[in-house]
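J.:
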């Protein structure tokens, strides 16, 4: 199911989730423990990165700066695991981002090519978790070029080794899906659909942009001041390439975030390592060596940074009261009861379809989706946004072949998914009501 299902998530996410389901089963606690280990591994990599970078900054208290940096990083990333609404792409990508930076900076210090290769491997996985994360490798690309302007042979060697894992990784996915006649689906699901989705977000078709503009205004000091501040730190003893590297990385982190244009806190997760390094530098630098204006600007930046993160965390935590509300609990219980009903009245070879967001229902009912789609959201987005992928036609074609025995729909006809009129029409022509619940209905194929 996971390698053939189609959603606006890259296939590597389904592969990860599939492996997790096989190894960990349906126990959500075990899955949470795995995410915690991923988080701890990110913290460990961040510690190694700080140990590598902080001594280069020549701060007064390097060990205190490292310890403070770890504390800041843990605080800023800990909440994201529980407020990401099940969108784990950034949680998985974070250790690859830190690993890419750590390995590359280690390579610049040692010139050991295996470290550059590891950096490229991290990039390849990060890229297939989300395509716009390729922007985060741009600073390394610039450094590969400008470090070797006088040695073209080494420039090509460094670029080849860094880019080789991404090329081979891409080749594996392309060959796999080409052999299974799914190359177009792969390209759409991994890259093209997300681009259309981002476009819809920017024009406000998916959600209100007010929160996003608020987040941008809070982040503007980091966007504007920090890169400029880094680029102009060319005083004696401060001509360190890491300044420019982190300035570029910070800049491209924000470009990657803005390319999404969605008011979700967890997209900031990917920039947290660079935030942390910027923050501890502003805390532990010898400000007496700077002009009064410089101290004022950077103090303002630091205050806005922490104020923004605190406010954004409070905004995102609104999900916790919703999860504990009686309405949410009753809906979750009803959803589970529906899944049990469907499981009881179907065979293992029967397929079903839940006209709802995500694929939770299929796991609860232990039945596969009757189409390549496991979420009705992509069908709705394509239809409502006129993306041009004709996903409704693909769904209907799949459904005519597999003939899902049951379809689960919302009872309220004013709900969001009734906007997808072709799908609603298909259900009304091929299914009839078998059982009604409080908020949902179970339709059976005629």
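In this note's numbering, the protein residues as written are 143 to 588.
Glycine is no exception: its CB is placed at the ideal position from the N, C-alpha and C atoms.
1. Can you tell me the Cα-Cα spacing of residue 553 and residue 280, whole angstroms?
2. Can you tell me whether DSSP reads residue 515 as helix, strand or coil?
3. Whole angstroms are fine: how far does the CA of residue 214 sit from the CA of residue 399?
4. Using a threshold of 7 angstroms, state whether the C-beta atoms of residue 507 and residue 528 are closer than that.
5. I'd like to know whether the C-beta atoms of residue 188 and residue 415 end up nearer to each other than 7 angstroms.
6. Relative to the C-alpha of residue 477, which residue among 502, 489, 490 is closest?
7. Measure the CB-CB distance between residue 544 and residue 512 and report whether it falls below 7 angstroms.
8. Give the secondary structure of residue 577 by DSSP, where H, G and I count as helix, E and B as strand, and everything else as coil.
9. Name the DSSP bridge partner or partners of residue 583?
10. What residues in its chain sit with their C-beta under 8 angstroms from that of residue 251, if we drop five residues either side in the sequence?
11. Put residue 489 into one of helix, strand or coil per three-state DSSP.
12. For residue 580, which residues from the same chain have a beta carbon less than 7 angstroms from its beta carbon, with the 5 sequence-adjacent residues on both sides left out?
13. Along the chain, where does the alpha helix (DSSP H) that runs through residue 241 open and close?
14. My assumption, with CB atoms under 8 angstroms, is that residue 273 sits in contact with residue 319. Please give the rounded CB distance.
15. In the DSSP assignment, find the unbroken alpha helix (DSSP H) run with residue 422 in it and report its ends.
16. Can you check whether the CB of residue 537 is closer than 7 angstroms to the CB of residue 522?
17. DSSP has residue 327 in a bridge; who is on the other side?
18. Going by the CB atoms, is the gap between residue 258 and residue 303 shorter than 7 angstroms?
19. Per DSSP, residue 317 is paired with what?
20. Return the CA-CA distance between residue 427 and residue 413, expressed in angstroms with no decimal places.
21. Identify whether residue 495 lies in helix, strand or coil by the three-state DSSP scheme.
22. Hey, quick one: how far does the alpha helix (DSSP H) through residue 410 stretch, first residue to last?
23. Can you find a heavy atom of the ligand PLP that lies under 6 angstroms from the Cβ of residue 527?
24. DSSP beta-bridge partners for residue 540?
25. How should residue 197 be labelled, buried or exposed, when 16 other C-beta atoms within 10 angstroms of its C-beta is the threshold for buried?
26. Determine the DSSP secondary structure at residue 535, reduced to helix, strand or coil.
27. If you follow the alpha helix (DSSP H) that residue 334 is part of, which residue opens it and which one closes it?
28. Buried or exposed: where does residue 421 fall if 16 or more other Cβ atoms within 10 Å of its Cβ makes it buried?
29. Please report how far the alpha carbon of residue 204 lies from the alpha carbon of residue 551, in whole angstroms.
30. On the three-state DSSP scale, how would you describe residue 510?
31. Work out the CA separation of residue 526 and residue 379 for me, nearest whole Å.
32. If distances are taken between C-alpha atoms only, which option among 340, 219, 385 comes closest to residue 247?
33. Using the three-state DSSP reduction, which class does residue 322 fall into: helix, strand or coil?
34. Apart from the five residues on each side of it in sequence, which residues of its chain come closer than 7 angstroms, Cβ to Cβ, to residue 397?
35. Please check the pair residue 560 and residue 566, which I expect to be a contact at CB under 8 angstroms, by giving their CB distance rounded to whole angstroms.
T.: Looking at the coordinates:
1. Approximately 49 angstroms between the Cα atoms of the pair.
2. Note: residue 515 maps to strand in three-state DSSP.
3. Approximately 21 angstroms between the Cα atoms of the pair.
4. In terms of Cβ geometry, residue 507 and residue 528 do not form a close pair [threshold 7 angstroms].
5. Result yes, Cβ atoms of residue 188 and residue 415 sit closer than 7 angstroms.
6. Taking only the C-alpha atoms, the option nearest residue 477 is 502.
7. Taking 7 angstroms as the Cβ cut-off, residue 544 and residue 512 qualify as a contacting pair.
8. It is a strand residue.
9. 551, 578, per the DSSP bridge assignment.
10. Cβ within range, chain order: 194.
11. In this structure, residue 489 counts as coil in the three-state DSSP scheme.
12. These residues qualify, in order along the chain: 476.
13. For residue 241, the enclosing alpha helix (DSSP H) has its first and last residue at 231-252.
14. About 15 angstroms separates the two Cβ atoms, so there is no contact after all.
15. Where residue 422 is concerned, the enclosing alpha helix (DSSP H) stretches over 414-426.
16. Not closer than 7 angstroms, so no.
17. None; residue 327 has no bridge partner.
18. Yes; because the gap between Cβ atoms is below 7 angstroms, this pair is in contact.
19. The partner list for residue 317 (beta bridge, DSSP) is empty, contrary to what the question assumes.
20. Distance between residue 427 and residue 413, taken at the CA atoms: about 21 angstroms.
21. In the structure shown, residue 495 adopts extended strand secondary structure according to DSSP, grouped into three states.
22. Taken as a continuous stretch (DSSP letters only), residue 410 belongs to no alpha helix (DSSP H), as it is neither H nor E.
23. In the structure on display, the ligand PLP does not appear, and there are no ligands present to speak of.
24. BP columns for residue 540 are empty, so no partner.
25. Residue environment: residue 197 is assigned as exposed (fewer than 16 neighbouring CB atoms within 10 Å of its CB, all protein chains considered).
26. Here residue 535 sits in helix by DSSP.
27. Going by DSSP, residue 334 is part of no alpha helix (DSSP H) at all; its letter is neither H nor E.
28. By the neighbour-count rule (16 or more Cβ atoms within 10 Å), residue 421 is buried.
29. Each residue's Cα considered, the two are about 58 angstroms apart.
30. Residue 510 falls in the strand class under three-state DSSP.
31. Confidence in residue 379 is poor, its pLDDT being 45 and thus under 50, which makes the residue's placement too unreliable to answer from.
32. Of 340, 219, 385, the residue nearest in Cα terms is 385.
33. Reduced to three states, the DSSP call for residue 322 is coil.
34. Counting only Cβ-Cβ distances below 7 angstroms, and skipping sequence neighbours, we find 277.
35. Cβ-Cβ separation between residue 560 and residue 566: approximately 6 angstroms, consistent with a contact (criterion under 8 angstroms).
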